[in-house]
């Protein structure tokens, strides 16, 4: 039979000396020795013996689903000690069970009396139930189970779990066992010592959240949000009925249940901005998944000889302990009773929705229980579980991310562009402050073990590269704008009416002053451009300057000759213009033709240099830039010329129209002075005289033309 098969990973079966049938007839079961899995510690299971005074009777042949004679290992730790391994013999036995099954599990710290409690619940001594030890090291490894043999339509399986918080074990292993028990149980005994502590509340809250998530993943459903109980297939996780069982309860005052209700109240009166209050409220709200299924009870110490409990009989135990144990049995029976359909237990009061019913799942058959066990263990082993260490790592990572974000904001607030050395100094100061903040606020002595500072340094490198690129772009944009203004001002010199080398160097000096505010990595490039402009532009502008001066002198002399000859009629000025034209333009060209070489020009002579200096001083000085006024001066000259011409034209018209009358008046006045009598005026003679005057005026060259 499968129920007689030895555990492959936990114990060896000693071959009986007589046929198995003969042993069954004598009522003597086979002997089992449990050596336990490698590295898990020895678990010695003593062979069941008949109670003293009991009559030996032959055992009847049982079906495959008969109650096992001793505890069986369902889950054992793997070689790494962090994950769980299913045990095929236990799965085969569970799969053979029919009818509704209720699972009652005991969880809690190691050395808290879980195995002894379950033995008392089943009414078995230590040598027939779960192994009870009094050593410092944990006795139970993994998850073991036995059938309670309780009367009723529902078969009760008691699960004994390995205690958590033992030294030398990873917390993730404890969390897997805790979460498995929470997911698989119909009723769960949370075994505590002496009182309920905040750490116990927080651990249960943490495991409840893990259980919800792993149930969802085991059903292959997509998440519907944090805290979702129902999966896509409609399978709902019903939290088990939970009993906070306080062992060695000797404290006075309120009962354990009253203390539990008070401890699980949400701290609503605390300030909402208090992070610690928020954390406490989150822990308690996570336990709301258990609904009305949570209760609290206390058990006194069974006997003062705690290391000799297995040697004591029931009559030797404390009456208060026996009475409390009866209340625990009653609570278990109440929360593991299923209806005739073998479905989830009925709600105990008020007909609340399923997710707040006071009880967990009652399994319809062993096959369904085994199928769910396989899924849950696979999900628990496949997924990484956050632990206290991982929480610290997560806190440190969050601290690093937060300080990295603050550092990024600080670097972005730096006004750009800046010289490279100044930017490096400010950036390094900000990085140093952020790193000091991380080291000061981090948890754990070795931050490098989690790769924290390495991650921070990598982020800092990226931020510094980004900052350097931003500084270069800002520097290029600022310098380019200044260079456009500077180069535009220099470019305008080529179109100046009155060229001036002094003006050119003044513009270069202004560019120096303008580009002095050009800082950052792009500054050397634009300063180099300015230097090239000063060197190359000076040579080009100097050559073009002499050519333009020559052309300007030629145009000025020719214009002066025409003006002083026909307009102003100034012979001396006209002569000067001719002399300058011949000296500056004609003689150097004739000299070059006669010598067949590049003879020095007039501007190369001392006289020419003197003339250029006088020109430069007149055209551009600290008081005036003649190029800004030359167009106005030309307009004034043109206006003066037209005014003069208009006056000449007006005088000519007046002389023509009114000249005869004025002359007659003048002759009459002259005759009166001489004492002569004026003869009568003959208007015909006057008209003839006027015509003669007009003819003489026409024959005489025009004053206007002479001028």
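In my numbering, the protein residues as written are 3 to 709. Quick reminder that beta carbons are idealized off the backbone N, C-alpha and C, glycines included.
Buried or exposed by the 16-neighbour rule on C-beta atoms within 10 Å, applied to residue i
{"i": "residue 623", "result": "exposed"}
{"i": "residue 648", "result": "exposed"}
{"i": "residue 656", "result": "exposed"}
{"i": "residue 646", "result": "exposed"}
{"i": "residue 46", "result": "Below a pLDDT of 50, predicted positions are generally treated as unreliable, and residue 46, at 35, falls in that range; no measurement from the model is reported."}
{"i": "residue 637", "result": "exposed"}
{"i": "residue 143", "result": "buried"}
{"i": "residue 360", "result": "With a pLDDT of 36 at residue 360, under the threshold of 50, the modelled position of that residue is not reliable, and the figure given next carries that caveat. Classification of residue 360: buried, given that the 10 Å Cβ count is 16 or more."}
{"i": "residue 621", "result": "buried"}
{"i": "residue 612", "result": "exposed"}
{"i": "residue 468", "result": "exposed"}
{"i": "residue 219", "result": "buried"}
{"i": "residue 338", "result": "buried"}
{"i": "residue 159", "result": "buried"}
{"i": "residue 321", "result": "exposed"}
{"i": "residue 713", "result": "One cannot answer for residue 713 here, as it falls past the ends of the chain, which runs 3 to 709."}
{"i": "residue 398", "result": "buried"}
{"i": "residue 547", "result": "buried"}
{"i": "residue 609", "result": "exposed"}
{"i": "residue 537", "result": "exposed"}
{"i": "residue 616", "result": "exposed"}
Residue i versus the options, residue with shortest Cα-Cα distance
{"i": "residue 560", "options": "75, 581, 85, 412", "result": "581"}
{"i": "residue 370", "options": "565, 186, 563, 515", "result": "186"}
{"i": "residue 181", "options": "107, 257, 372", "result": "107"}
{"i": "residue 491", "options": "115, 516, 90", "result": "516"}
{"i": "residue 300", "options": "259, 307, 294", "result": "259"}
{"i": "residue 407", "options": "423, 458, 384", "result": "458"}
{"i": "residue 302", "options": "266, 323, 511", "result": "323"}
{"i": "residue 84", "options": "398, 383, 533", "result": "383"}
{"i": "residue 428", "options": "441, 413, 419, 442", "result": "413"}
{"i": "residue 364", "options": "379, 307, 334", "result": "334"}
{"i": "residue 241", "options": "579, 201, 184", "result": "184"}
{"i": "residue 145", "options": "506, 416, 87", "result": "87"}
{"i": "residue 442", "options": "98, 461, 550, 405", "result": "405"}
{"i": "residue 535", "options": "513, 460, 549", "result": "513"}
{"i": "residue 295", "options": "551, 243, 319, 127", "result": "243"}
{"i": "residue 289", "options": "481, 267, 578", "result": "267"}
{"i": "residue 262", "options": "82, 291, 280, 298", "result": "298"}
Distance cut-off 6 Å: residue i Cβ against heavy atoms of the ligand FAD
{"i": "residue 426", "result": "The ligand FAD is absent from the structure shown, which contains no ligand whatsoever."}
Whole-angstrom distance between residue j and residue i, CA atom to CA atom
{"i": "residue 178", "j": "residue 436", "result": "38 Å"}
{"i": "residue 119", "j": "residue 332", "result": "14 Å"}
{"i": "residue 328", "j": "residue 124", "result": "11 Å"}
{"i": "residue 455", "j": "residue 175", "result": "29 Å"}
{"i": "residue 433", "j": "residue 395", "result": "21 Å"}
{"i": "residue 526", "j": "residue 583", "result": "48 Å"}
{"i": "residue 639", "j": "residue 483", "result": "40 Å"}
{"i": "residue 162", "j": "residue 78", "result": "12 Å"}
{"i": "residue 651", "j": "residue 634", "result": "26 Å"}
{"i": "residue 465", "j": "residue 529", "result": "28 Å"}
{"i": "residue 473", "j": "residue 463", "result": "15 Å"}
{"i": "residue 148", "j": "residue 410", "result": "60 Å"}
{"i": "residue 91", "j": "residue 129", "result": "22 Å"}
{"i": "residue 372", "j": "residue 439", "result": "52 Å"}
{"i": "residue 431", "j": "residue 198", "result": "49 Å"}
{"i": "residue 72", "j": "residue 150", "result": "11 Å"}
{"i": "residue 377", "j": "residue 75", "result": "18 Å"}
{"i": "residue 165", "j": "residue 122", "result": "18 Å"}
{"i": "residue 113", "j": "residue 202", "result": "15 Å"}
{"i": "residue 265", "j": "residue 256", "result": "12 Å"}
{"i": "residue 96", "j": "residue 402", "result": "49 Å"}
{"i": "residue 674", "j": "residue 653", "result": "29 Å"}
{"i": "residue 531", "j": "residue 489", "result": "10 Å"}
Three or more C-beta pairs below 8 Å linking the region 193-202 and the region 238-252: yes
Within the region 140-225, ranges of the beta strand (DSSP E) (whole runs, at least 3 residues): 145-149, 157-163, 189-195
contact_flag[the region 200-207, the region 282-299] where n(CB pairs < 8 Å) is 3 or more: yes
Segment contact flag, the region 467-478 with the region 514-523, C-beta cutoff 8 Å, min 3 pairs: yes
In chain order, each beta strand (DSSP E) run of at least 3 residues that lies wholly inside the region 77-108: 86-88
Three CB pairs or more closer than 8 Å across the region 613-633 and the region 494-514: Short answer: they touch.
Inter-stretch contact (C-beta, 8 Å, three-pair minimum) for the region 88-104 and the region 312-320: no
Entirely enclosed alpha helix (DSSP H) segments - the region 363-415, minimum 4 residues: 368-384, 390-414
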